[in-house]
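Data first, discussion second: the structure below is written as structure tokens.
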Amino acid sequence: MPLPTVIVPGYLESAIAYRQLEQSLQKLDFPTVTVPLRRRDWLPTIGGRPVTPILQQLDLTIKQTLEQHNATQINLIAHSAGGWISRIYMGEKPYLGRGNVKPSLWEGHPLIATLITLGTPHISQERWTRSNLDFVTNNYPGAFYKNVNYVCVAGKTIFGQRRRGSWLAYSSYQLTCGKGNTWGDGITPIEAAHLEGAENLVIEGVRHSPRSPGIWYGSAEPLKTWVQYLI
């Protein structure tokens with residue numbers, strides 16, 4: 768029996784956007800649930816503030832899923848910012864976040880069999896997100912926990928250029944890795960979406976978000992590339 772699977776939404780995204788991915792995984796016999804976030808749940812985290820409210824909901828969802836399925840581990844599928852949030856959750860260092868008063872700690876890595884990140888920016892040059900991402904990078908570099916199977920999926924879809932049609936990609940890549948003229952999924956450049964020591968994949972033609980027009984990481988064809996890594 769496949770392990771139960773939890774989907775972690777990306778920044779400012781709600782669980783509703785991942786309903787189709789959830790259903791696709793269920794059809795493949797993976798019992799799947801999405802952390803039940805609403806867009807307004809992200810508001811307290813805006814401006815680089817701690818992502819503690821999201822981590823609390825992630826923890827609750829994982830504990831409920833384990834209990835419901837009488838399981839000791841789950842798979843985590845984390846989209847965009849959900850990827851580095853999941854890495855904080857797995858960690859053993861108290862998480863303060865910028866401006867936080869009371870540290871939080873989850874030590875969740877023994878509960879995670881596989882972490883699949885989809886278009887996650889694991890690095891950033893952007894002022895507001897850098898404090899959180901530096902915390903992750905400094906404390907849990909690369910595929911840090913050897914008991915967790917890390918799979919990092921990047922998209923090769925749009926080459927960032929300072930011209931119409933690729934200006935957003937250029938700006939986003941520049942903010943993320945310091946270089947605009949590179950390949951990515953339109954938001955996250957390939958080099959930021961991979962981790963040292965992980966199983967690093969590149970899928971051509973996928974866009975960053977489930978709300979993007981066309982194909983994204985969770986669409987039927989791209990799904991075939993990474994679903995094989997779930998346990």
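So this note's numbering is basically just the index in the sequence shown, starting at one, shifted up by 767. Yeah, the Cβ is synthetic: ideal placement off N, Cα and C, and Gly gets one too.
For residue j and residue i, believed in contact at Cβ under 8 Å, the rounded distance
i, j, result
"Thr-943", "Ser-891", "6 Å"
"Thr-924", "Glu-958", "Actually they are not in contact, since the Cβ atoms of Thr-924 and Glu-958 sit about 15 Å apart, beyond 8 Å."
"Ser-871", "Thr-819", "5 Å"
"Asn-948", "Gly-927", "6 Å"
"Gly-850", "Thr-884", "3 Å"
"Cys-919", "Thr-955", "Going by Cβ atoms, the distance from Cys-919 to Thr-955 rounds to 11 Å, so no, they are not a contact pair."
"Trp-809", "Tyr-778", "7 Å"
Boundaries (first-last residue) of the beta strand (DSSP E) holding residue i
i, result
"Asn-967", "966-971"
"Thr-881", "879-885"
"Ala-921", "916-923"
"Thr-772", "772-775"
Local Cβ density within 10 Å of residue i, reported as buried at 16 or more and exposed below that
i, result
"Ala-987", "exposed"
"Ile-813", "exposed"
"Gly-858", "buried"
"Gly-985", "buried"
"Thr-828", "buried"
"Pro-817", "buried"
"Ile-998", "exposed"
Own chain, CB closer than 7 Å to residue i, minus 5 neighbours either side, in chain order
i, result
"Thr-832", "Pro-771, Val-773, Val-800, Ile-841"
"Leu-795", "Val-994"
"Ser-933", "Ile-925, Phe-926, Gly-927"
Nearest-angstrom Cα separation, counted from residue j out to residue i
i, j, result
"His-846", "Lys-860", "23 Å"
"Lys-913", "Arg-931", "44 Å"
"Trp-950", "Asn-837", "42 Å"
"Leu-788", "Pro-989", "11 Å"
"Trp-895", "Gln-793", "36 Å"
"Val-802", "Val-915", "20 Å"
"Trp-983", "Ala-921", "11 Å"
"Phe-797", "Leu-843", "12 Å"
"Arg-978", "Ala-848", "15 Å"
"Val-994", "Pro-769", "12 Å"
"Gln-941", "Gly-981", "24 Å"
"Lys-830", "Arg-929", "46 Å"
"Thr-839", "Ser-938", "42 Å"
"Gln-835", "Lys-946", "45 Å"
N-terminal and C-terminal residue of the alpha helix (DSSP H) that residue i is part of
i, result
"Ile-855", "848-857"
"Val-800", "Not the alpha helix (DSSP H): Val-800 falls in the beta strand (DSSP E), residues 799-801."
"Tyr-940", "934-944"
"Thr-896", "894-906"
"Ile-829", "819-835"
"Gly-957", "Strictly speaking, residue 957 in this sequence is Ile, with Gly absent from that position. Residues 957-960."
"Thr-992", "987-993"
Cβ-based neighbour list, residue i, same chain, cut-off 6 Å, excluding 5 preceding and 5 following
i, result
"Tyr-856", "Leu-822, Leu-825, Trp-873, Gly-875"
"Ala-910", "Tyr-917, Leu-962, Gly-964, Ala-965"
"Ala-936", "Ile-925, Gly-927, Gly-953"
"Leu-863", "Pro-870"
Cut-off 8 Å between Cβ atoms - residues of its own chain near residue i, not counting five sequence neighbours on either side
i, result
"Leu-804", "Pro-776, Glu-780, Ser-781, Ala-782, Ile-821, Gln-824"
"Thr-992", "Val-920, Leu-968, Ile-970"
"Arg-806", "Leu-779, Glu-780, Ser-781"
Chain C contact for residue i (CB, 7 Å cutoff)
i, result
"Pro-908", "Absent from the structure is chain C; it holds one protein chain and no more."
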